[in-house]
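Q:
There are 4 protein chains.
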Amino acid sequence: MSNHWLQNVIESIADRGRELIGLDSNENKNQDIHSLCQQLLNGAGEASGIALSQQILREYHNMSDEKKFNFYQLLDQQFAPDFEKIQAVMARYQASRSTEDLIALNTAVEAPRQELFRRLNMAPKGTASLVALRADLLRQLKKSPSFKSIDADLKHLLSSWFNRGFLQLRLINWQSPAEILEKIINYEAVHEIRGWDDLRRRLMKDRRCFAFFHPAMPDEPLIFVEVALVKGLSDEVGSLINPKAAELDPQQADTAIFYSINNTQAGLRGISFGNFLIKQVLTELTKECPWIKISSTLSPIPGFRRALDKWLDSDEKSAQHREFDSILHQHAAALLDEVRAQLSASTDLTDKQCLAALLRNHLSQENISQGNILTELALSFLSFAKSKGQLADPVAMFHLSNGACLERINPFANMSEHGQQTSYGVMVNYLYDLNTVELNHEAFVTKGKIKMSDTLYKIFKKFNRTTA
Amino acid sequence: MSNHWLQNVIESIADRGRELIGLDSNENKNQDIHSLCQQLLNGAGEASGIALSQQILREYHNMSDEKKFNFYQLLDQQFAPDFEKIQAVMARYQASRSTEDLIALNTAVEAPRQELFRRLNMAPKGTASLVALRADLLRQLKKSPSFKSIDADLKHLLSSWFNRGFLQLRLINWQSPAEILEKIINYEAVHEIRGWDDLRRRLMKDRRCFAFFHPAMPDEPLIFVEVALVKGLSDEVGSLINPKAAELDPQQADTAIFYSINNTQAGLRGISFGNFLIKQVLTELTKECPWIKISSTLSPIPGFRRALDKWLDSDEKSAQHREFDSILHQHAAALLDEVRAQLSASTDLTDKQCLAALLRNHLSQENISQGNILTELALSFLSFAKSKGQLADPVAMFHLSNGACLERINPFANMSEHGQQTSYGVMVNYLYDLNTVELNHEAFVTKGKIKMSDTLYKIFKKFNRTTA
Amino acid sequence: MSNHWLQNVIESIADRGRELIGLDSNENKNQDIHSLCQQLLNGAGEASGIALSQQILREYHNMSDEKKFNFYQLLDQQFAPDFEKIQAVMARYQASRSTEDLIALNTAVEAPRQELFRRLNMAPKGTASLVALRADLLRQLKKSPSFKSIDADLKHLLSSWFNRGFLQLRLINWQSPAEILEKIINYEAVHEIRGWDDLRRRLMKDRRCFAFFHPAMPDEPLIFVEVALVKGLSDEVGSLINPKAAELDPQQADTAIFYSINNTQAGLRGISFGNFLIKQVLTELTKECPWIKISSTLSPIPGFRRALDKWLDSDEKSAQHREFDSILHQHAAALLDEVRAQLSASTDLTDKQCLAALLRNHLSQENISQGNILTELALSFLSFAKSKGQLADPVAMFHLSNGACLERINPFANMSEHGQQTSYGVMVNYLYDLNTVELNHEAFVTKGKIKMSDTLYKIFKKFNRTTA
Amino acid sequence: MSNHWLQNVIESIADRGRELIGLDSNENKNQDIHSLCQQLLNGAGEASGIALSQQILREYHNMSDEKKFNFYQLLDQQFAPDFEKIQAVMARYQASRSTEDLIALNTAVEAPRQELFRRLNMAPKGTASLVALRADLLRQLKKSPSFKSIDADLKHLLSSWFNRGFLQLRLINWQSPAEILEKIINYEAVHEIRGWDDLRRRLMKDRRCFAFFHPAMPDEPLIFVEVALVKGLSDEVGSLINPKAAELDPQQADTAIFYSINNTQAGLRGISFGNFLIKQVLTELTKECPWIKISSTLSPIPGFRRALDKWLDSDEKSAQHREFDSILHQHAAALLDEVRAQLSASTDLTDKQCLAALLRNHLSQENISQGNILTELALSFLSFAKSKGQLADPVAMFHLSNGACLERINPFANMSEHGQQTSYGVMVNYLYDLNTVELNHEAFVTKGKIKMSDTLYKIFKKFNRTTA
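Protein chains in written order, with this note's numbering: chain A, 707 to 1174; chain B, 707 to 1174; chain C, 707 to 1174; chain D, 707 to 1174.
#1: By Cβ distance below 8 Å, which residues in the same chain neighbour D:Leu808 in space, the five residues on each side in sequence not counted?
#2: D:Val943 to D:Glu953, Cα distance in whole Å?
#3: Can you list, in chain order, the residues of its chain whose CB lies under 6 Å from that of A:Asn1120, leaving out five sequence neighbours each side?
#4: Counting only beta-carbon separations shorter than 9 Å, does D:Ser966 have a partner in chain C?
#5: So, for A:Leu1018: in the same chain, excluding its five sequence neighbours on each side, which residues have a beta-carbon less than 7 Å away from its beta-carbon?
#6: If we define contact as Cβ-Cβ less than 9 Å, is B:Phe789 a contact residue for chain A?
#7: Mapping the DSSP letters down to three states, classify A:Ser1107 as helix, strand or coil.
#8: To be precise: take each residue of the stretch 888 to 910 of chain C, compare its Cβ to all Cβ atoms of chain A, and keep it if any distance is under 7 Å. Which residues remain?
#9: How is D:Ser1122 classed by DSSP in three states: helix, strand or coil?
#10: With a cut-off of 9 Å, does the C-beta of A:Pro851 fall near any C-beta of chain B?
#11: Within the stretch 779 to 817 of chain C, note down every full alpha helix (DSSP H) run reaching 4 residues or more, in order along the chain.
#12: Just tell me which of D:Ser1129, D:Cys995, D:Ser940 and D:Ile977 has its CA closest to the CA of D:Gln957.
#13: Pick out whichever of D:Gln761, D:Pro924, D:Ile998 and D:Glu898 has its Cα sitting closest to the Cα of D:Leu875.
#14: Report yes if the CB atom of C:Gly980 is closer than 9 Å to the CB atom of C:Ile967, and no otherwise.
#15: Can you tell me which of the three DSSP states C:Leu1014 falls into?
#16: Grouping DSSP H, G and I as helix and E and B as strand, with all else coil, what is C:His1035?
#17: If we define contact as Cβ-Cβ less than 9 Å, is B:Pro883 a contact residue for chain D?
#18: Examine chain B for any beta-carbon lying closer than 9 Å to the beta-carbon of A:Asn879, and answer yes or no.
#19: Between which two residues does the alpha helix (DSSP H) harbouring A:Thr970 extend?
#20: Say whether the stretch 841 to 856 of chain C touches the stretch 874 to 894 of chain C, bearing in mind that this needs 3 or more beta-carbon pairs closer than 8 Å, one atom from each stretch.
#21: Could you pull out every residue in the same chain whose Cβ sits closer than 6 Å to the Cβ of A:Ile947, ignoring the five residues on either side in sequence?
#22: Please list, in chain order, the chain C residues whose beta carbon lies closer than 9 Å to that of D:Met828.
#23: Which residue wins for smallest C-alpha separation from B:Lys774, given the options B:Phe789, B:Ser850 and B:Leu746?
#24: Chain D beta carbons: is any one of them nearer than 9 Å to that of C:Arg803?
#25: Using 8 Å for Cβ pairs, my map puts A:Tyr1138 next to A:Ser1002. What's the rounded Cβ distance?
#26: From A:Asn1135 to A:Arg975, what does the alpha carbon distance come to, in whole angstroms?
#27: Could you check the C-alpha separation between B:Ser1032 and B:Ile1115 for me, to the nearest Å?
#28: What separation, rounded to the nearest whole angstrom, lies between the Cα atoms of B:Ile1165 and B:Glu1113?
#29: Taking only runs of the alpha helix (DSSP H) that begin and end inside the stretch 886 to 934 of chain C, which ones reach a length of at least 4 residues, in chain order?
#30: Measure how close the beta-carbons of D:His740 and D:Gln784 come, nearest whole angstrom, since I'm counting them as under 8 Å.
#31: Verify whether the separation of the beta carbon atoms of B:Ile1007 and B:Phe1087 is less than 9 Å.
#32: Is B:Ser759 closer than 9 Å to B:Leu847 when the C-beta atoms are compared?
#33: With a threshold of 16 other CB atoms inside 10 Å of the CB of D:Asn1108, please say whether the residue is buried or exposed.
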């Protein structure tokens, strides 16, 4: 409530300021945004400063994409650092290497638009508007190479403002304001929430939902995680998100499954909160439910099917492909028999074609031998597929670099349309143990070692032998 | 309450992290702060990141001034930007003038300690600790010229974090937590609060106290203003701060007197909130008490007596001195008679000596003619005394550049020991009218014009004639 | 949050007490509720007192209707006042007429179950349980005449506890907890809320919803009112409850329409909050939106159609019937022509039959002459139909005794199935003007005078002439 | 904040109502309080009802004691139950014994002033005003025997409203509003709090303060308890209330000492919360500090010295006196020697005179043998002194009937002036163990058995032998 009150005050000041600088009168309507920005930067007083900020952000908000593009060009050309000045100061600094000149160089190098952004932040809901501005900018980033510089400035500023030390963790439950819950429904992108009844199930006593908020955007969850308290490590997601699932007494649970994490703000892309959130929630759960001993995710493998299909359809021989070949080779005889029997198919299918048929047509039978090969293929993909020197799978990259352990691969874990389309239904448990995360993190980051369970490690070693 | 809860969680994470990285064990105790900072900067995970930050800030907190000096040297030498790299990137940028190289230059120029400070902010109460660190640094700033660069980095960061858009205005009253009220007592430096009874009077129905808070320092008022709702423009401060003063029904008041503004955080020096605070409180009061038509300060003139005494004791002929001479000249005959009569004094006192005797010995008689000359001298001081191109009096500089009007000069306004020691008891009303602040601000900033009341302007014009 | 914390503490005490008195062990399971109640009444200590209360309320909660009946019999027979004792004390009092004996008589007359109820209130959620108990009892009230005495005791107690001085008004909006909003959806019985989207429309900026809460039932709205801010006095309800209705800027509104009031607790029947709520909300709106000049309900006439149909079908000659006859008589000629024309109907329909046909078949054409006769019939019903000496229409009785003015009768105002089934679609505006409510209330209560608008009064006077 | 807002609304309604019924105009000023009460009881509408209540309570508030006396007479004579009616209804009930007549009898017996009080409760701060009214009444209770009946009505009502189920426990600490803390300072009557510094010590980390509040008096602690977390069972109070006492890390504490309990509202006399408070706080502490194993009071023996002095000065032979005689007899020889040696006193002092001299003059030497006899005398007083069939010492009565154990008697425990004046410095530890309170309570209430520690029981048995 005090926040709304404050909002009112700020808006009052803004209104007052708008009057003072005549922003509501006709003659000023045509004042272009360039001159407004210039005025703001040149240091108008508080009253008109807030009003100017609000006016600029409103005008920006109402712009078409085209006009926004023009505005970015303005930021790029008119509010960039002054090359001549940089050169001059740099020359001075090179000569003197004095503190004063270093400070001057810092100032010279910083684009004036950074100060402009800082002043825009004074407007009511200024922070949210700047986050939205960056989201817009990212959509047009490729239209002009120099926009990257604007983005770098914005990201630098937002990284500083959304410092972990300023974030507030809040429990989301059925007592939360409807306004927040509605956003949770809308923002959930991993496992869609189909309306209020579905949401309600996800907020019952055997579920938890936590979100980070920033004090300047108190109604806006920045990232949230959904957790299910269950018995035993979940190997499929259906029962976790089924709105009709029976409620478990949390005292009976022994495992916390993190089954969905969502970043909500496109404008904060590249500013990572997930690592913080998971560990803070782990700490919370340890306090609230000390009897829960195991914490793990149940995570998707977004690019798995694409990679697999590509291999099935191609003759390439990348490292990843060689792994897949080798796995197929080991399972070939059994597979050929099985699939041909099932398909009553002609015997002239290649092994690859058999595997493709099996995956595409018969996955839903949840056959154990299929599970085995899916597990092996997924493990291979997760551990060997690389992109730009990092693991190709961003989810694996995220959890493993956080220090999680690759605990288990679950075939048939997400048999929804979407699950099959992206990963032939396979999901992964990344296990979080606060006692080992640092070691795992260290080993992964410095030596690229993936910590995995004994079971998976046995399979993994088999690859190494065969691929060696 | 939710904040304390959050604090607990963060501390839990920190504790856990400390365990993990073995910070509590003996072998690590000797790990020096340099290597801890290096570790933090090299990107430890969340858990150990928070723990490291906390450890560093604790060690810093317990350092002697000498060790702190060493720590600043460390920041200065080991966490400064890399000159070679700046040169290299600059050379590239000069050649390419590309976006990428501009971004790279920004990165190269930014001191690594900025990122270090940002990471330290993750610790429990990190923000408050960094503000304290800067306060410490400022005290040792003169010991090494290059410390200015550290200060510039800290100030840059804190300016961004304490952006006006993040500050929250709160009313302070008798329902406020004792912890906050105790700080108000301790921080009040303009008109000392002598204990809880004195404070209570300042929080009654005809008084208001407002403060700005930052969400990361929820128990710490950053700046606060005390306001008295009175009948008529106050011409002396005694009745405003008298703990026994009768309470006025606020409905009977027509004037709001801002009689004390205090910045509380030495570590935020140079990051100005006062302007914002005054105008936001004005807006608040306008809403709550629309019947109050006049808002004004009752402000000190901190350097007035020093300037006056210097002139009385010297033969210099600075511009300011010429003004004083001229005023004395006009009042000389009357003064000589009056003082000599009072002192039964020998007639060989010079005019200056008479004035000095009068000021020093007989001020308490509150004689009208003394009032006149004090008013003229003060007006002269306020409008002509300059320092580094600005008005010499910082209070006048502050309010006039905010757009206030120099409304009235009150001799005998603060007859306390302190009041007489600093300004021969003279105080000033700076009047704030939201309808004219922008115009006044503009005129003052661009043309140096001081907006003053008709009465004062008549005296002011007299100077101009005489000094012309 | 602090309430939940408190709840936890109370439950802890209750749990502890339950252990102490062995309520969880087997041997006590069979202890019957009679002896538990007796124990509680005989003054067990705090710990076991809370535990006993909780145990009794839990057992009661799990009883079948039949067992509850038995429990009421227990309350009736074992916890009633002692007749012999009343007689004895009364005899003493008659002789002495002393203060002591009067106090003793009060004690003797009060049923011990009142003290039992007061002690049951100590249990976690005790108050809510007692309200539920009374709701249950009311359903079985007719099964035994002496249950009325239990109900009288409960009602006496609850009236005292739900004293107006303890109720808290809260604004319900989209920031309210989902738990509360879900209850609003479920409790709305006047104009059904069809899910969350429908609810959301009713909480937008041109709508208001206020509820009374009791501190001991903080999650339970006891009564709530829904208000629409509109332009002009609404004459039909469809646009007010249409989830797709365009949103009006509240600044543009000039009228507040109270279109739905719901009591939510069957167990508080006969304890009236509506009067308080309406006037408190009026005061609230006057403060928040001083530009809104008119406040009125748009109310149903629940028994209108039943009364009308009865008359159309009968030959009775009650006072009400004579009014209806007379109105029909005045409109007969026009009606006969109109209806016969419309029906191409045989001319041998009686006037009553014509009217019945018109009402039943052709209402939806919203013909003005139909409107006139509906208005007259409704006004006649509202002002003359009586039941047990009061107005037959409870809604009219409620608002008129609150001091509202019968402002306007709107035919075709609620053309929903339900609206036509209950009142041939007619609704009423009762206008609330805080300046006249007391006078109107007084005139209505003491002299039975209904305050009505000039327009309606002209029609009303016509009746009086004709019926005189 | 929401509470204040609500308060405002209620006051607005009251103001509005006052206008409506002309309470502010001159002609009504003289309307006497009798007719105002009559009006309120006869059922004015909500608006004027609240206004009337407020008017009556204000007038009452401003009355002199004499006028208040007249008001009580009014309540006694004009708002008492109607004797004739009671007789008539009773006659009917005796004949019919019907439910209806029982209900009617209840109604007839209830004084109309009860309903008057319930309606007065609607006024802003009505509940607090009624509590104050009862406090006033209690002061004049003896002036008229029939006032007891008014008090009985008020107490009945307040008991119902201040039902344990409505009370809220709150932790009081340095974050609490100054307004509440100021009341704690003023209300503390057991061990005076000498200003804010003293208070602050009592709110540090090794201290706890808890209070009960009622939702209708949110700023008013009804009862509060102060607890010290210490090492070992405290045997003297000085170190607990010393504002300079060193702070103990609560983790080091093993014992919670309840050293002060204060009821704050004279108007709630006879409505007991202490029992509830102690046990709820015990439950709280058990949760927060599970490592604290022992909970005990350190309590005064208010009437001990008076009883002892009376015996020393008299020749009476009451049961208590016989005990004291016997104890003196056993210690006589030793005492004579000791005292006479110390006093160099004449040998003709009787044993009693020796004891008196010893107690009055030499207590501060804290001699062990004095301690022994003080302990025995106090134990004798606590266990044998009776008044109206109950233990004479109200503190012992309170804790023992709550189920506490008489654990230890501490001579020299409160050597302050007040401590020596009331109990020759002796204090008592009553130990609370939630596992035995019910048993102890039961044994005390039903059989009069005092649960005491083995050490004290050994002494106690000695009495029994000697007194048998």
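All C-beta atoms in this analysis are idealised placements derived from N, C-alpha and C, irrespective of residue type, glycine included.
A: This is what the structure gives:
#1: Numbered from its first residue, the fourth sequence carries residue 808 of chain D at position 102. Around D:Leu808: Tyr799.
#2: Here the question's residue 943 of chain D lines up with position 237 in the fourth sequence. Here the question's residue 953 of chain D lines up with position 247 in the fourth sequence. Computed Cα separation, rounded: 15 Å.
#3: Mapped onto the first sequence, residue 1120 of chain A falls at position 414. Correct list, in chain order: Val943, Gly1131 and Met1133.
#4: Reading the fourth sequence from its first residue, position 260 is the one you call residue 966 of chain D. By this cut-off, D:Ser966 is not an interface position.
#5: Taking the first sequence and counting its residues from 1, the one referred to as residue 1018 of chain A is at position 312. In its chain, beyond the 5 residues on either side, Lys1058, Leu1061 and Ala1062 have a beta carbon closer than 7 Å to the beta carbon of A:Leu1018.
#6: Looking up residue 789 of chain B in the second sequence gives position 83. Chain A, which has a Cβ nearer than 9 Å to the Cβ of B:Phe789, makes this yes.
#7: Mapped onto the first sequence, residue 1107 of chain A falls at position 401. Correct three-state label for A:Ser1107: helix.
#8: Those residues of the stretch 888 to 910 of chain C that come within reach of chain A (Cβ to Cβ, closer than 7 Å) are Trp902.
#9: Here residue 1122 of chain D refers to the residue found at position 416 when the fourth sequence is read from its first residue. In the three-state DSSP reduction, D:Ser1122 falls in the coil class, being neither helix nor strand.
#10: For this step, residue 851 of chain A is matched to residue 145 along the first sequence. Taking 9 Å as the CB threshold, A:Pro851 lines the interface with chain B.
#11: If only complete runs of 4 or more residues are kept, the stretch 779 to 817 of chain C shows the alpha helix (DSSP H) at 789 to 802 and 805 to 815, in order along the chain.
#12: To locate residue 957 of chain D, count along the fourth sequence from 1; it is residue 251. With distances taken between CA atoms, D:Gln957 lies nearest to D:Cys995 out of D:Ser1129, D:Cys995, D:Ser940 and D:Ile977.
#13: As a first step, residue 875 of chain D must be located in the fourth sequence, where it is residue number 169. Of D:Gln761, D:Pro924, D:Ile998 and D:Glu898, the smallest CA-CA separation from D:Leu875 is found for D:Pro924.
#14: On the third sequence, position 274 is the one that residue 980 of chain C refers to. On the third sequence, position 261 is the one that residue 967 of chain C refers to. Contact annotation: C:Gly980 and C:Ile967 have beta-carbon atoms nearer than 9 Å.
#15: Taking the first residue of the third sequence as 1, we reach residue 1014 of chain C at position 308. In this structure, C:Leu1014 counts as helix in the three-state DSSP scheme.
#16: Along the third sequence, read from residue 1 onward, the residue named residue 1035 of chain C stands at position 329. Per DSSP, reduced to three states, the secondary structure at C:His1035 is helical.
#17: Residue 883 of chain B sits at position 177 when you count from the first residue of the second sequence. Yes, its Cβ sits closer than 9 Å to a Cβ of chain D.
#18: Here the question's residue 879 of chain A lines up with position 173 in the first sequence. No, because no Cβ of chain B sits closer than 9 Å to the Cβ of A:Asn879.
#19: Your numbering for residue 970 of chain A matches position 264 in the first sequence. That residue, A:Thr970, is in no alpha helix (DSSP H); it is neither H nor E in DSSP.
#20: No, the stretch 841 to 856 of chain C is not in contact with the stretch 874 to 894 of chain C.
#21: In the first sequence, the residue the question calls residue 947 of chain A occupies position 241. Closer than 6 Å at the Cβ level, and outside the excluded window around A:Ile947, lie His897.
#22: Numbered from its first residue, the fourth sequence carries residue 828 of chain D at position 122. Residues of chain C passing the Cβ test: Asn869, Arg870, Gly871 and Phe982.
#23: Sequence index remark: in the second sequence, residue 774 of chain B carries index 68 (1-based). Out of B:Phe789, B:Ser850 and B:Leu746, B:Ser850 has the C-alpha closest to the C-alpha of B:Lys774.
#24: Taking the first residue of the third sequence as 1, we reach residue 803 of chain C at position 97. Yes, C:Arg803 counts as interfacial toward chain D.
#25: Residue 1138 of chain A sits at position 432 when you count from the first residue of the first sequence. Residue 1002 of chain A sits at position 296 when you count from the first residue of the first sequence. 7 Å between Cβ atoms; contact.
#26: Within the first sequence, residue 1135 of chain A is the residue found at index 429, counting from 1. Within the first sequence, residue 975 of chain A is the residue found at index 269, counting from 1. Between the C-alpha atoms of A:Asn1135 and A:Arg975 there is a straight-line separation of about 25 Å.
#27: Counted from its first residue, the second sequence places residue 1032 of chain B at position 326. Counted from its first residue, the second sequence places residue 1115 of chain B at position 409. Each residue's CA atom was taken as its position, placing B:Ser1032 and B:Ile1115 some 19 Å apart.
#28: Within the second sequence, numbered from 1, the residue matching residue 1165 of chain B stands at position 459. Within the second sequence, numbered from 1, the residue matching residue 1113 of chain B stands at position 407. If I take the Cα positions, the gap works out to 12 Å.
#29: Runs found: 902 to 907.
#30: What you label residue 740 of chain D is simply residue 34 of the fourth sequence in a count that begins at 1. What you label residue 784 of chain D is simply residue 78 of the fourth sequence in a count that begins at 1. Correct: roughly 6 Å between the Cβ atoms.
#31: As a working note, residue 1007 of chain B is residue 301 in the second sequence. As a working note, residue 1087 of chain B is residue 381 in the second sequence. Contact: yes.
#32: Residue numbering aside, residue 847 of chain B sits at position 141 when the second sequence is read from its first letter. Residue numbering aside, residue 759 of chain B sits at position 53 when the second sequence is read from its first letter. Not a contact, by the Cβ cut-off of 9 Å.
#33: As a first step, residue 1108 of chain D must be located in the fourth sequence, where it is residue number 402. Within a 10 Å sphere around the beta-carbon of D:Asn1108 sit 16 or more other beta-carbons, which makes this residue buried.
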